[in-house]
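Scroll down for the structure; my scribbles are underneath it.
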Amino acid sequence: MGSDASASADAGRAERDGGVRADGERAAGRGGATRERVVLGIDEAGRGPVLGPMVYAAAACPVSRRAELVELGFNDSKLLTPQVRDKLFTALHESGFLAPYVESISAEELSAQMLSREHVSLNQISHRAAISLVKRALADGLEIEHLYVDTVGDPARYERILQDALAGLPVQCITVSTKADAKYPIVGAASVVAKVTRDRALQSWDFQEQRRGAPALSRDFGSGYPADPVCKAWLRTFIDPIFGFTSLVRFSWATARTLLDKHAVAVAWAADEPSDDCDVVSAKRSVCLGAATRGAAAPRSLPVTAFFGPLPVLRKPASSSTRHRPHRPQVWATRQLSPS
Numbered sequence: 001m002g003s004d005a006s007a008s009a010d011a012g013r014a015e016r017d018g019g020v021r022a023d024g025e026r027a028a029g030r031g032g033a034t035r036e037r038v039v040l041g042i043d044e045a046g047r048g049p050v051l052g053p054m055v056y057a058a059a060a061c062p063v064s065r066r067a068e069l070v071e072l073g074f075n076d077s078k079l080l081t082p083q084v085r086d087k088l089f090t091a092l093h094e095s096g097f098l099a100p101y102v103e104s105i106s107a108e109e110l111s112a113q114m115l116s117r118e119h120v121s122l123n124q125i126s127h128r129a130a131i132s133l134v135k136r137a138l139a140d141g142l143e144i145e146h147l148y149v150d151t152v153g154d155p156a157r158y159e160r161i162l163q164d165a166l167a168g169l170p171v172q173c174i175t176v177s178t179k180a181d182a183k184y185p186i187v188g189a190a191s192v193v194a195k196v197t198r199d200r201a202l203q204s205w206d207f208q209e210q211r212r213g214a215p216a217l218s219r220d221f222g223s224g225y226p227a228d229p230v231c232k233a234w235l236r237t238f239i240d241p242i243f244g245f246t247s248l249v250r251f252s253w254a255t256a257r258t259l260l261d262k263h264a265v266a267v268a269w270a271a272d273e274p275s276d277d278c279d280v281v282s283a284k285r286s287v288c289l290g291a292a293t294r295g296a297a298a299p300r301s302l303p304v305t306a307f308f309g310p311l312p313v314l315r316k317p318a319s320s321s322t323r324h325r326p327h328r329p330q331v332w333a334t335r336q337l338s339p340s
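The opening position of the sequence shown corresponds to residue 1 in UniProt numbering, with each subsequent residue numbered one higher.
Listed below in structure tokens is the structure:
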């Protein structure tokens, strides 16, 4: 039973990491006579796009084998062709001494944190992902002689954040730098892991909102960056006037918000206010839909997208003794919700 649970946990981790599994035992030297110190590099992919996850990755290499790491030719993944990145990605996994770690933050999670009442910034999310990667490596028994991180924001401030978060842990030295993926091969390795993991996730993206029987949602969304005309066209095509976008889209990005303001039904939520006696909360909510919130004379006619298409008409059962099962739209089924 214990081994089954462990295998299930490992499978879950592998799925969250986009199919990439860390093998800290290789870098830690387990199974051998000596446990070696490692260098650890951290980089990200997908910080700027309006589509898909932001992927943070780390790569660990024994200090004694840094020369072999250099020979593999890792560099800033953005400067490499997809073919070269795939080749290096395979080489990393077949090296026998490099260990990758991945933290993938979905578009839904990014939007939820950035649009929350507390408003977690993208920099804060990035810092937390990097710290999580380091702690995972340490939990695998690695002893980090030097940590190299590609900066987010001011390098000096980021370095202080890492030092405070990792105080008392076996991390001997921390370097945060601009263009670290081009300066330090271990960060270049992390850059390749992050980029390939994100690219593969997008290539095989499973749209949870896909309605049964409807035409497949297009993956022709270009680079995913807001300035890409192909990406903009995709967003405009697959916006739903009620539900907005699919879970692939970061609602918190200005590009998405602008399109929602222009092409979706407007909804305004007023905050709940406490009553005078502070014992009962009176729900003073106002929901204003369509033209009413924009001061227009008449409501607009908005199209319904394929994945939120018209629902089939429910027919009354022939026999009153037959239990009626309500239609369950696909968008509910994927989120384990049921109509009331």
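Glycine included, each C-beta is placed from N, C-alpha and C at the ideal position.
Everything numeric in this text was worked out from a predicted model, so none of it was measured.
Query - Continuous beta strand (DSSP E) assignments of at least 3 residues falling wholly in the region 73 to 101 - result: none
Requested in this report: Can you tell me the Cβ-Cβ gap for isoleucine 42 and aspartate 164, rounded? I've got them flagged as a contact below 8 angstroms.
Outcome: Actually they do not touch by this definition, with Cβ atoms about 16 angstroms apart.
Requested in this report: Give the secondary structure of glycine 48 by DSSP, where H, G and I count as helix, E and B as strand, and everything else as coil.
Outcome: coil
Query raised in the report: Is it buried or exposed for isoleucine 242, if we count other Cβ within 10 angstroms and need 16 for buried?
Result: With fewer than 16 other CB atoms across the displayed protein chains lying within 10 angstroms of its CB, isoleucine 242 is exposed.
Query raised in the report: Roughly how many angstroms separate the alpha carbons of valine 176 and serine 121, rounded to a whole number?
Result: 19 angstroms
Query - Local conformation of glutamate 143 per DSSP, three classes - result: strand
Query raised in the report: Just curious, the alpha helix (DSSP H) that alanine 201 is in, first and last residue?
Result: 185 to 203
Query - Close-in-space but distant-in-sequence residues of the same chain around glycine 153 (CB under 8 angstroms, 5 per side omitted) - result: Asn123
Query raised in the report: Can you tell me where the alpha helix (DSSP H) with isoleucine 239 in it begins and where it stops?
Result: Element bounds for isoleucine 239: n/a, residue is neither H nor E.
**Report entry** 6 angstroms CB neighbourhood of leucine 202 in its chain, flanking five on each side removed
**Finding:** These residues qualify, in order along the chain: Gly52.
Query raised in the report: Just reading off the beta strand (DSSP E) that serine 111 is part of, what are its end residues?
Result: From DSSP, serine 111 is part of no beta strand (DSSP E) but of the alpha helix (DSSP H) over 107 to 114.
Query raised in the report: If we ignore side chains and look at the alpha-carbon of each, how far apart do glutamate 36 and serine 191 end up?
Result: 23 angstroms
Report task. Just grab the DSSP bridge partners of glycine 41 for me. Result -> Ala59, Tyr148
Query raised in the report: Should glutamate 103 go down as buried or exposed, given a rule of 16 or more other Cβ atoms within 10 Å for buried?
Result: buried
Query raised in the report: Where does serine 64 sit, in a helix, a strand or coil, going by DSSP?
Result: In the three-state reduction of the DSSP assignment, serine 64 falls in the helix class, which pools H, G and I.
Report task. Using a threshold of 9 angstroms, state whether the C-beta atoms of glycine 188 and aspartate 199 are closer than that. Result -> no
**Report entry** Proximity of leucine 166 and valine 134 at Cβ, strictly below 9 angstroms
**Finding:** A contact, by the Cβ cut-off of 9 angstroms.
Report task. Would you list the residues sitting across from threonine 175 in a DSSP beta bridge? Result -> Tyr148
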